[in-house]
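Engineer:
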DNA sequence: AGACGTATATTCGCCTACGAGTATTCGGAG
DNA sequence: CTCCGAATACTCGTAGGCGAATATACGTCT
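Residue numbers (the working numbering), protein chains in the order written: chain G, 3 to 214; chain Y, 3 to 214.
1) Kindly indicate which three-state DSSP category residue 199 of chain G falls into: helix, strand or coil?
2) Is the beta carbon of residue 99 of chain Y sitting closer than 7 Å to the one on residue 172 of chain G?
3) Taking all protein chains shown into account, decide if residue 1 of chain Y is buried (16 or more other Cβ within 10 angstroms of its Cβ) or exposed.
4) Of all the options Y:186, Y:154, Y:183 and Y:83, which has the alpha carbon lying nearest to the alpha carbon of residue 193 of chain G?
5) Of the choices Y:89, Y:201 and Y:152, whose alpha-carbon is the least far from that of residue 215 of chain Y?
6) Note down, in chain order, every chain G residue with its Cβ under 7 Å from the Cβ of residue 163 of chain Y.
7) Can you confirm whether residue 55 of chain G, when its beta carbon is compared against all beta carbons of chain Y, has any partner nearer than 7 Å?
8) Closer than 8 Å by beta-carbon distance: list the chain G residues that pair up with residue 85 of chain Y, in chain order.
9) Answer with yes or no whether the minimum CB distance from residue 188 of chain G to chain Y is below 7 Å.
10) With 7 Å set as the bound, which would you pick, yes or no: does the beta-carbon of residue 123 of chain Y sit closer than that to a beta-carbon of chain G?
11) For the alpha helix (DSSP H) holding residue 106 of chain G, just list the boundary residues, first then last.
12) Which residues does DSSP list as the beta-bridge partners of residue 67 of chain Y?
13) Return the first residue and the last residue of the alpha helix (DSSP H) that residue 54 of chain G is part of.
14) Following the continuous alpha helix (DSSP H) through residue 177 of chain Y, name the residue where it begins and the one where it ends.
15) Comparing alpha-carbon positions, which option in Y:121, Y:179 and Y:116 lies nearest residue 133 of chain Y?
16) Count the other C-beta atoms from every protein chain shown that fall within 10 angstroms of the C-beta of residue 86 of chain Y, then say buried if there are 16 or more, exposed otherwise.
17) Nearest to residue 108 of chain Y by CA position, among Y:51, Y:127, Y:167 and Y:149, is which residue?
18) Could you say which of Y:52, Y:188 and Y:49 lies nearest to residue 122 of chain Y if we only look at CA atoms?
19) For the candidate residues Y:115, Y:79 and Y:126, whose alpha-carbon lies nearest to that of residue 45 of chain G?
20) Assuming residue 21 of chain G contacts residue 83 of chain G under a Cβ cut-off of 8 Å, what Cβ separation, rounded to an integer in Å, is found between them?
21) So, for residue 7 of chain G: in the same chain, excluding its five sequence neighbours on each side, which residues have a beta-carbon less than 7 Å away from its beta-carbon?
22) Let me confirm a value: residue 41 of chain Y is counted as buried when at least 16 other C-beta atoms fall within 10 Å, else exposed. Which label applies?
23) When we look at the beta-carbon of residue 145 of chain Y and count the other beta-carbons within 10 Å, is it buried (16 or more) or exposed?
24) For residue 140 of chain Y, which residues in chain G fall below 9 Å Cβ to Cβ?
25) Using a Cβ-Cβ cutoff of 9 Å, what residues of the segment 38 to 64 of chain Y are near chain G? List them in chain order.
26) Looking only at its chain, what residues have a beta carbon closer than 8 Å to the beta carbon of residue 63 of chain G, apart from the 5 residues adjacent to it on each side?
27) Helix, strand or coil for residue 8 of chain Y, going by three-state DSSP, please let me know.
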């Protein structure tokens, strides 16, 4: 998964950001804060991975362990603090994420790309279910935004972003359904034939698909 | 990564779909077809993974090896064909992907959620760069769509979808920039203070962030 | 005919992700 | 006081992802 960055897991970015104020934190507390501040909505957080990521961050000098301490008689804890290299990595990484759109692979896009193996009628039914789910989620999220009305908007941009994207997707799906319904989507007849023929593309498409 | 599905890698879905017509294919040819038909745009395709996925698909009975053959003196090839269980898995999986929106974690959303560590001015600059990149990509993709004008639209839905999403994102970013510029985004002053204070949240926010 | 680049076809091994397990302490209920 | 569940704080093993290596055959330029 890791590529150019020495630490590829996005969790690493969140951890670095937690340490920015300068205080040392031990892994378990990082996990607690992340969960408590709702960061699980923004990224995949698994405790097992968190410890791996902390190790990697240390290995590459982005954080360093403060002398292990013992509080009460709890298991030994090793707190970490961010290094200058860590701060540099944080701003650089974050800057890149904001400025350069990544090519990610939403499962839905993958699914769309092989939609042909289903029949148009099935697809219509499935898309309608998706639409319902999308609308429900949007409504829930809009409520969430209203409830947190006193919190400055800046601290909710990721929610607004997600909401905007979800609504855009819903609109697109609606458009697609409409196009299928009023038959303005070119190729639906061919699609049905394709599907009825057991997924074997008619010969005259072969070249088109090949040449692409 | 794998969860409910016995084979979690989305590549498996694409491979199953290739085998739907009934002909047996060997792994290398699957890879060739996928690359040739532009599926790399829709999902992450690594040859190393492909072989692993093929093995897993076989292990779970979704595909089965046909007697290994030898063509010319090329290295031995083992072609696979889809089983009834494989067809069932394909339609079920695909159906779920279409009907049920997944919670995925776009890096950009994660980045937005910790934007606070950058200064508002930096963020504006970065967002402007993103906007340029988005517009450039959209333009390129629209050209691509025009060029393939004879191909039935059904076979380009994934492209249309991506384009729609990208444009929606661009619109949202534009809106955010405008809101920052005309100061209608609540909390920007606090944001600046927060950043100047070294990322330490002012005490009166603590509760809000905690209670969330 | 030899050399060299490209296409064919797969294997290997490292690293990361992460579920599940382990060990300890604390805060109540009874 | 003691039992027990929840919280604290990690560790470990396994499976999957993927870059890189390997090995053969083919085409073609000289």
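Don't be surprised by glycine CBs; every beta carbon is placed ideally from N, CA and C.
Structural biologist: The short version:
1) coil
2) The beta carbons of residue 99 of chain Y and residue 172 of chain G sit no closer together than 7 Å.
3) Missing from the structure shown is residue 1 of chain Y; chain Y here goes from 3 to 214 and no further.
4) Y:154
5) Chain Y is shown from 3 up to 214; residue 215 of chain Y falls before or after that span and cannot be answered.
6) 111, 114 and 174
7) no
8) Under the 8 Å cutoff, chain G gives no residues; its nearest Cβ is about 15 Å from residue 85 of chain Y.
9) So yes, residue 188 of chain G belongs to the interface.
10) no
11) No alpha helix (DSSP H) holds residue 106 of chain G; DSSP gives it neither H nor E.
12) Y:82
13) Secondary structure note for residue 54 of chain G: its alpha helix (DSSP H) is the uninterrupted segment 49 to 61.
14) Unbroken alpha helix (DSSP H) run through residue 177 of chain Y: 159 to 183.
15) Y:179
16) Result: exposed.
17) Y:167
18) Y:188
19) Y:115
20) Contact flag correct, Cβ pair sits at about 6 Å.
21) 95
22) By the 10 Å Cβ count, residue 41 of chain Y comes out buried.
23) exposed
24) Under the 9 Å cutoff, chain G gives no residues; its nearest Cβ is about 10 Å from residue 140 of chain Y.
25) Those residues of the segment 38 to 64 of chain Y placed with their C-beta closer than 9 Å to a C-beta in chain G are 38, 39, 40, 41, 43, 44, 45 and 46, ordered along the chain.
26) 85, 87 and 88
27) Judged by DSSP in its simplified three-state form, residue 8 of chain Y adopts coil rather than helix or strand.
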